[in-house]
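Residue numbers (full-length UniProt numbering): 1 to 491.
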């Protein structure tokens with residue numbers, strides 16, 4: 001498919017397609033579930049929401065979880081993402097912690113049930129309730145004394161409204177001329193909201209004509225059928241791959257990068273766009289646009305395609321995730337194009353063994369000892385994110401990371417940076433948010449001539465900076481206090 005740029009990207013002023021809370025029967029379904037969960041006479045300690053990929057199970061569970069009435073009824077409320085904590089022991093721990101309260105287990109699959117902790121609920125205290133979401137009917141059927149709620153199919157009019165919003169159609173467009181072909185498209189989407197939104201994102205890049213929409217409807221990608229795609233995702237695979245194939249080359253690179261982040265990882269706009277720049281995905285255009293502006297535009301375009309899904313509660317859409325089903329389908333379809341150059345490290349030992357990766361992100365608490373091993377032999381490393389790891393000392397061997405473009409030490413306990421940081425001549429982003437023990441920066445910072453962003457937001461208010469006059473590329477200085485006034489915008 002040819003990518004056609006239209007004015008739809010300039011109309012971005014919120015989310016025309018993700019504001020779907022009033023569509024479908026979610027409010028009615030929410031009230032039904034709340035009645036069951038709060039009925040003290042009910043014998044059902046577990047309520048299971050069952051439905052296919054992308055039909056809205058998590059959104060419904062979240063509406064129940066956030067409801068003021070249920071929060072008042074239960075003294076404890078806990079939300080657990082089953083896709084992140086995949087062990088039965090981890091989920092069991094959450095169940096025990098929710099004694100006397102309400103627990104939501106989102107995205108539970110059959111392997112969670114193999115340890116039978118969901119079947120044996122003798123540990124569930126009186127008055128406790130467990131709400132789970134699953135696309136596996138056998139999970140719900142295998143539990144005793146449970147109430148199964150099957151997600152309701154959306155009425156056509158709501159599907160039509162969602163498709164128009166996702167395709168960027170407004171009141172000025174002749175929607176009725178497209179209604180006939182839209183009926184066929186919605187039927188091919190099986191009235192599943194996620195599929196409709198993704199196809200709508202494809203249609204948003206086309207002229208709103210019957211001929212253009214017919215071309216999308218007749219695409220051979222609808223019938224994409226791969227043996228290794230799980231049965232519950234097969235109907236989603238064609239539309240998802242169509243949306244991916246429709247992306248321009250640079251957007252494909254950016255989205256593939258997002259796919260390599262851990263499942264459920266919240267993608268922050270300002271963080272991921274800096275990573276894209278550091279990885280070299282953003283090329284300055286002829287009109288001399290700032291790379292950050294180009295990266296921000298790419299981010300918005302991925303949101304409008306609905307391949308990036310705004311996190312629930314993120315009204316400005318600066319925090320997104322990749323839907324688990326979209327991730328799973330694309331990882332299976334395009335595995336032969338996988339980069340294999342980025343890694344999420346869970347420990348300092350694991351990070352030390354990653355010799356060929358260009359991005360290393362480590363989130364678990366780390367000791368200072370071992371960082372030398374991380375820095376040795378990492379000639380290709382471009383992004384190093386040690387946010388929240390609790391490290392106190394950065395060894396001078398960091399100078400070995402000659403190609404490093406982004407260094408994120410936010411929320412660590414570092415007290416100083418080594419003078420050898422001056423050797424990181426390719427460094428573009430230095431992020432030191434909320435480093436309360438940091439009181440000064442080395443003079444070598446003034447030699448980082450490619451530095452574009454120095455982020456000190458939330459760090460020590462009396463932080464002493466060296467001269468920055470030679471940093472001609474520096475466009476963003478956040479969190480530095482001048483005459484007791486904090487600098488938070490572009491300087």
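Note that beta-carbon positions come from the ideal geometry of N, C-alpha and C, so glycine has one too.
Remember, it's a predicted structure, so these values are computed and weren't measured experimentally.
CA-to-CA distance, residue j to residue i, given in whole angstroms
i: residue 213; j: residue 169; result: 13 Å
i: residue 31; j: residue 389; result: 42 Å
i: residue 48; j: residue 148; result: 5 Å
i: residue 475; j: residue 241; result: 37 Å
i: residue 395; j: residue 385; result: 15 Å
i: residue 173; j: residue 181; result: 15 Å
i: residue 211; j: residue 33; result: 44 Å
i: residue 454; j: residue 373; result: 26 Å
i: residue 195; j: residue 277; result: 30 Å
i: residue 492; j: residue 185; result: Since the displayed the chain opens at 1 and closes at 491, residue 492 lies outside it and no answer follows.
i: residue 279; j: residue 402; result: 14 Å
i: residue 471; j: residue 477; result: 11 Å
i: residue 359; j: residue 27; result: 42 Å
i: residue 322; j: residue 312; result: 12 Å
i: residue 490; j: residue 467; result: Low per-residue confidence applies at residue 490: pLDDT is 48, beneath 50, and the placement is therefore not dependable, though the value from the model is reported in the following sentence. Those two C-alpha atoms are separated by around 18 Å.
i: residue 158; j: residue 142; result: 33 Å
i: residue 335; j: residue 228; result: 11 Å
i: residue 65; j: residue 480; result: 39 Å
i: residue 413; j: residue 362; result: 15 Å
i: residue 347; j: residue 264; result: Its pLDDT being 48, under 50, residue 347 is placed unreliably by the model, and nothing is read from it.
i: residue 507; j: residue 187; result: Residue coverage of the chain in this structure runs from 1 to 491, which leaves residue 507 outside it and unanswerable.
Neighbourhood of residue i by C-beta distance below 7 Å, restricted to the same chain and skipping five residues each side
i: residue 376; result: 397 and 400
i: residue 450; result: 425, 426, 427, 428 and 473
i: residue 164; result: 175
i: residue 57; result: 49, 51, 133 and 151
i: residue 436; result: 459 and 460
i: residue 432; result: 409, 410, 438, 455, 456 and 459
i: residue 452; result: 428, 429, 473, 474, 475 and 476
i: residue 36; result: 42, 44, 47 and 147
i: residue 137; result: 50
i: residue 284; result: 291
6 Å CB neighbourhood of residue i in its chain, flanking five on each side removed
i: residue 190; result: 235
i: residue 419; result: 442 and 444
i: residue 282; result: 276, 291, 294 and 295
i: residue 446; result: 466, 467 and 470
i: residue 25; result: 152
i: residue 371; result: 395
i: residue 387; result: 408, 410 and 411
i: residue 11; result: Low confidence applies here, because residue 11 scores a pLDDT of 40, under 50, leaving its location unreliable; read the following figure in that light. For residue 11, where only same-chain residues beyond five positions count, there are no Cβ hits under 6 Å.
Under 9 Å between C-beta atoms of residue i and residue j
i: residue 135; j: residue 53; result: yes
i: residue 417; j: residue 383; result: no
i: residue 208; j: residue 178; result: yes
i: residue 70; j: residue 45; result: no
i: residue 309; j: residue 326; result: yes
i: residue 221; j: residue 245; result: yes
i: residue 224; j: residue 237; result: yes
i: residue 392; j: residue 415; result: yes
i: residue 193; j: residue 55; result: yes
i: residue 139; j: residue 109; result: yes
i: residue 156; j: residue 183; result: yes
i: residue 259; j: residue 331; result: yes
i: residue 404; j: residue 440; result: no
i: residue 448; j: residue 422; result: yes
Residues near residue i by beta carbon distance below 8 Å, same chain, minus five either side
i: residue 296; result: 269 and 273
i: residue 243; result: 198, 199, 201, 202, 305, 306 and 307
i: residue 9; result: Any answer about residue 9 is weak, because its pLDDT of 46 lies below 50 and its placement is not dependable; what the coordinates show is given next. Excluding residues within five positions, the ones whose Cβ falls inside 8 Å are 297, 300, 301 and 304.
i: residue 434; result: 410, 411, 457, 458 and 459
i: residue 150; result: 50 and 51
i: residue 29; result: 60, 149, 151 and 152
i: residue 230; result: 328
i: residue 67; result: 30 and 34
i: residue 266; result: 311, 319, 320 and 321
On the three-pair Cβ rule with 8 Å, is the segment 297-305 touching the segment 190-207? yes
Does the segment 289-296 come close enough to the segment 263-275 that 3 or more CB-CB pairs lie under 8 Å? yes
For the pair the segment 243-251 and the segment 314-324, tell me if three or more CB-CB distances fall below 8 Å. no
Considering only residues of the UniProt domain "Disease resistance protein winged helix" (262-327), which uninterrupted beta strand (DSSP E) runs meet the minimum length of 3 residues and lie entirely inside it, listed in chain order? 319-321
Could you tell me which whole alpha helix (DSSP H) segments of length 4 or greater appear in the segment 236-265? 249-259
Run through the segment 134-206 for me and flag every whole beta strand (DSSP E) of 3 or more residues, listed as ranges in chain order. 146-150
Of all the beta strand (DSSP E) runs that stay within the bounds of the segment 362-440, which reach a length of 3 or more residues? 383-385, 406-408 and 429-431
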